[in-house]
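Please read the structure below before turning to the comments.
Residue numbers (this note's numbering): 96 to 258.
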């Protein structure tokens, strides 16, 4: 499995590219999701947190789930629309936990992974900080770590694990 993670990251980066416009989102509604089932029985779920310029539709158009399932064929992929407005609301990680992770865990998966792209990478880090051990693994693709002040705070704390 360890050898497949770099391949997954490379393929996801290639699929997503660097483009994209600022994505919106209606924070008065539940976080939009789309579950793409594995071709056979799945014992793993990968929850995808989009980058700043992405949303649920753009993740679907780029066939991100297909790329992930090429390397993790036993994974159901849950694409999310956890876009910038949810982070600005100040409850992105709490809502991710309540609306996506807990219901996914209740489905009985052996493993749950977060895959965060850019802003979603920051979201995955924040999620692990606020809900330690709730997911079995995290894949970060070009995580946005905030402005310089946040980076200094993490560095001064002795790194991510101590922050």
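C-beta atoms are modelled at their ideal positions from N, C-alpha and C, and glycine is treated no differently.
Residue i to residue j, Cα distance in whole Å?
i: residue 144; j: residue 176; result: 7 Å
i: residue 132; j: residue 192; result: 21 Å
i: residue 245; j: residue 252; result: 11 Å
i: residue 224; j: residue 183; result: 18 Å
i: residue 189; j: residue 163; result: 25 Å
i: residue 180; j: residue 126; result: 11 Å
i: residue 249; j: residue 221; result: 12 Å
i: residue 229; j: residue 212; result: 19 Å
i: residue 161; j: residue 147; result: 21 Å
i: residue 130; j: residue 154; result: 12 Å
i: residue 187; j: residue 236; result: 19 Å
i: residue 185; j: residue 254; result: 23 Å
Over the uninterrupted beta strand (DSSP E) stretch that includes residue i, give me the two end residues.
i: residue 144; result: 139–144
Among residues of its own chain, excluding the 5 on either side of residue i, which ones have a beta-carbon nearer than 8 Å to its beta-carbon?
i: residue 168; result: 133, 134 and 135
i: residue 204; result: 137, 138, 139, 140 and 171
i: residue 199; result: 140, 142, 173 and 207
i: residue 201; result: none
If I measure Cβ to Cβ from residue i and keep anything under 6 Å in the same chain, skipping five residues before and after, which residues do I get?
i: residue 210; result: 141, 143 and 234
Taking the DSSP output, what are the residues bridged to residue i?
i: residue 212; result: 236
i: residue 170; result: 139
i: residue 128; result: 175
i: residue 206; result: 139
Given a cut-off of 9 Å, decide if residue j and residue i are closer than it, judged by their beta-carbon atoms.
i: residue 151; j: residue 172; result: no
i: residue 226; j: residue 196; result: yes
i: residue 232; j: residue 217; result: no
i: residue 219; j: residue 238; result: yes
i: residue 121; j: residue 215; result: no
If you follow the alpha helix (DSSP H) that residue i is part of, which residue opens it and which one closes it?
i: residue 190; result: 187–191
i: residue 152; result: 151–156
i: residue 201; result: 197–201
i: residue 245; result: 243–251
Here's a check: name, in chain order, each residue in its chain whose Cβ is nearer than 7 Å to the Cβ of residue i, leaving out the five neighbours to either side.
i: residue 156; result: none
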